[in-house]
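Since the structure comes first, as structure tokens, the remarks are kept for the end.
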């Protein structure tokens, strides 16, 4: 490693922060853009499983809360893509690469939604998993992204509440409503266990080395299980993993997820991946004329 | 018959249904608006409309001995009183969407203005609140109008939707709309028991609700 | 165009940079600023500024170390001790 790169590494590892126009090693810049872009992509694709349910929401309050949640996510995508743009990659290039399958988005957004049960489970548990990662990103060495994460975390806090409230209404409702939640949880548990990524030790994770991430994947997953397994079980719901238990050392044991499946999903082979990307491609084409007339740089 | 003379619940349901269904249609743009900034802005407009509907349903529900959600979701499709303009499915056509937005906000501001003087203080109060929020809807509509006014597809959309816009208002208020928009009078597409496209909307809007017995909590 | 937004959280507080977005002009920028930085009533005031109006400055020469203008330019401990000893007021 060059002397300047070593200096940079020492600087970020001792808590130093980087601004947009500061010098960065090529590897840092490359990893940073890829990571932040994937986050932006995820916020944008995350809208698709949920947006249909706005139209089907069974009360006015749920309709409003769900619309507001999705609005936040679109807003987060905007904030995050702006960070990528200031690092040199225009929004239109991010959208091109997303639609062409050249860039990735998080696994959970490659799966279909089937019922109002999914709406509750996603808003509660998927958002909870995401918030754990996002809170860790508050310490990202790249300051513009860390600052955006502050606003993101603040806005996300109501999503989990809305999700949990939605689930609570159903688990205290009819037997069929309870079953909607259980059935949704059965389908979403696998993707949730994949969400934080492979259990690569933090010391071996280059993203942690560069202090882009400050938390290892397994640490995040353990934090999720610690916080949410008790909350799920106390509602009388079952978690579809017979091996899931907290051992004497306080560590959660579980059936090892299929990591090949995760790779396949995030490279576009999830059950809803292609359909969603196609939907994005089509919707963008339909409104492209508007950007040309009004705001070419945001197309 | 003007607003002051009509049975209040009928008037309330008409206004509430207009706002609910327009809010529902505007929500169809969530996540797919022309660009991200506009997506966020347009979503607030849709939420405001649902909020207006809720306030109006609350008022009607108090008189009818029911609740807002029951009025919003538990009626049969032919019982809704919304104007044909708001029922139209316009996504993914942004020109027609903005044309409707401009037309509806102008029409609504005329009838809301009249309602601010309604003898019922609660309705007058809600009208005043709606007016304060819709000021921003009008600003938004105007900023888009400025950008799209020279586009052929926008002009065509205004032509197409003009008779529908007239149908939002009672006959007595229609000349004011024509004057405000500088357009000639025309035959309005009048309100009638909704059918056709509305059936599909209603089906989707109520599918989760109908999956549990009436009175279930969500 | 890119616009930058500065927001005031409460009256009396400084305006702090909130973020940036794309907008075709000032009218759109005003609408979007409201949405992004005040839709939850989280700001009491906003300043919306085209990015090109902001001129960053990041270098501040101090070649001759003119620290007499700062608090760290003074160290009074030694002299204070001497003065106290002379006045007989030094602590035991």
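Residue numbers (this note's numbering), protein chains in the order written: chain C, -6 to 292; chain A, -3 to 214; chain B, 387 to 478. Beta carbons are placed, not taken as given, at the ideal position from N, Cα and C, and that holds for glycine. Computed from a prediction, not measured in an experiment: that's the story for all the values here.
Residue i in three-state terms, based on DSSP
i                      : result
residue -3 of chain A  : Note that residue -3 of chain A scores 43 on pLDDT, short of 50, meaning its location in the model is unreliable and no value can be drawn from it.
residue 16 of chain C  : coil
residue -2 of chain C  : helix
residue 51 of chain C  : coil
residue 224 of chain C : helix
residue 441 of chain B : coil
residue 246 of chain C : strand
residue 128 of chain C : helix
residue 107 of chain C : coil
residue 208 of chain C : coil
residue 85 of chain A  : coil
residue 464 of chain B : helix
residue 417 of chain B : helix
residue 28 of chain A  : coil
residue 185 of chain A : coil
residue 408 of chain B : strand
residue 97 of chain C  : coil
residue 253 of chain A : This structure does not reach residue 253 of chain A, given that chain A is present from -3 up to 214, and the question cannot be answered.
The ligand SAM heavy atom lying under 7 Å from the CB of residue i
i                      : result
residue 187 of chain C : In the structure on display, the ligand SAM does not appear, and there are no ligands present to speak of.
Contact under 8 Å by Cβ, residue i with residue j
i                      : j                      : result
residue 422 of chain B : residue 75 of chain C  : no
residue 117 of chain C : residue 160 of chain C : yes
residue 140 of chain A : residue 94 of chain A  : yes
residue 96 of chain C  : residue 30 of chain C  : yes
residue 100 of chain C : residue 42 of chain C  : no
residue 53 of chain A  : residue 42 of chain A  : no
residue 90 of chain A  : residue 67 of chain C  : no
residue 432 of chain B : residue 424 of chain B : yes
residue 129 of chain C : residue 11 of chain C  : no
residue 1 of chain C   : residue 121 of chain C : no
residue 78 of chain A  : residue 14 of chain A  : yes
residue 108 of chain C : residue 59 of chain C  : no
residue 88 of chain A  : residue 280 of chain C : yes
residue 96 of chain A  : residue 157 of chain A : yes
residue 418 of chain B : residue 33 of chain A  : yes
residue 410 of chain B : residue 134 of chain A : no
residue 294 of chain C : residue 24 of chain C  : This structure gives no information on residue 294 of chain C, because the portion of chain C shown stretches from -6 to 292.
residue 80 of chain C  : residue 26 of chain C  : yes
residue -3 of chain C  : residue 98 of chain C  : no
Proximity winner among the options, relative to residue i (alpha-carbon distances)
i                      : options                       : result
residue 219 of chain C : C/259, C/273, C/197 and C/242 : C/242
residue 213 of chain A : C/210, C/165 and C/70         : C/165
residue 52 of chain C  : A/59, A/60, A/56 and A/49     : A/49
residue 248 of chain C : C/258, C/232, C/4 and C/259   : C/232
residue 119 of chain A : A/51, A/103, A/101 and A/171  : A/51
residue 67 of chain A  : A/79, A/11, A/101 and A/92    : A/11
residue 207 of chain A : C/191, C/286, C/230 and C/49  : C/49
residue 156 of chain C : C/225, C/22, C/198 and C/186  : C/225
residue 277 of chain C : A/3, A/31 and A/8             : A/31
residue 33 of chain C  : C/158, C/170 and C/78         : C/78
residue 179 of chain C : C/235, C/143 and C/25         : C/235
residue 400 of chain B : B/442, B/415, B/429 and B/449 : B/429
residue 214 of chain C : C/250, C/230 and C/272        : C/250
residue 237 of chain A : A/9, A/98 and A/17            : There is simply no residue 237 of chain A to check, as chain A begins at -3 and stops at 214 in what is shown.
residue 45 of chain A  : A/27, A/167, A/100 and A/162  : A/100
residue 448 of chain B : B/437, B/475 and B/456        : B/456
Stretch-stretch touch, CB-based, cutoff 8 Å, three pairs: the region 84 to 100 of chain C with the region 148 to 156 of chain C: no
Meets three-Cβ-pair contact criterion under 8 Å: the region 11 to 26 of chain A and the region 81 to 92 of chain A: yes
Given 8 Å, three or more beta-carbon pairs between the region 265 to 276 of chain C and the region 107 to 118 of chain C: Here the region 265 to 276 of chain C makes no contact with the region 107 to 118 of chain C; the two share fewer than three CB pairs at distances below 8 Å.
Touching by the beta-carbon criterion (3+ pairs, under 8 Å), the region 174 to 185 of chain A and the region 194 to 205 of chain A: Taking a cut-off of 8 Å for Cβ pairs, the region 174 to 185 of chain A and the region 194 to 205 of chain A do not touch, as fewer than three such pairs fall below it.
Alpha helix (DSSP H) segments (min. 4 residues) lying fully within the region 134 to 166 of chain C: 136 to 164
At least three beta-carbon pairs within less than 8 Å, the region 54 to 63 of chain C to the region 27 to 46 of chain A: Touching, yes.
Contact between the region 393 to 409 of chain B and the region 108 to 124 of chain A (3+ Cβ pairs under 8 Å): Because the criterion of three Cβ pairs below 8 Å is not met, the region 393 to 409 of chain B and the region 108 to 124 of chain A do not touch.
Contained alpha helix (DSSP H) runs [length at least 4] in the region 87 to 167 of chain A, N- to C-terminal order: 90 to 111, 117 to 144 and 148 to 162
At least 3 beta-carbon pairs within less than 8 Å: the region 13 to 27 of chain C vs the region 153 to 173 of chain A: no
Three-pair Cβ contact test at 8 Å for the region 101 to 108 of chain C versus the region 453 to 463 of chain B: Counting Cβ pairs under 8 Å, fewer than three are found: no touch.
Alpha helix (DSSP H) runs contained entirely in the region 179 to 205 of chain C, provided each spans 4 or more residues: You should have 199 to 202.
Three or more C-beta pairs below 8 Å linking the region 179 to 193 of chain A and the region 126 to 138 of chain A: no
Secondary structure, alpha helix (DSSP H): runs of 4+ residues fully inside the region 20 to 83 of chain C: Restricting attention to alpha helix (DSSP H) runs no shorter than 4 residues, the region 20 to 83 of chain C encloses them at 53 to 79, ordered along the chain.
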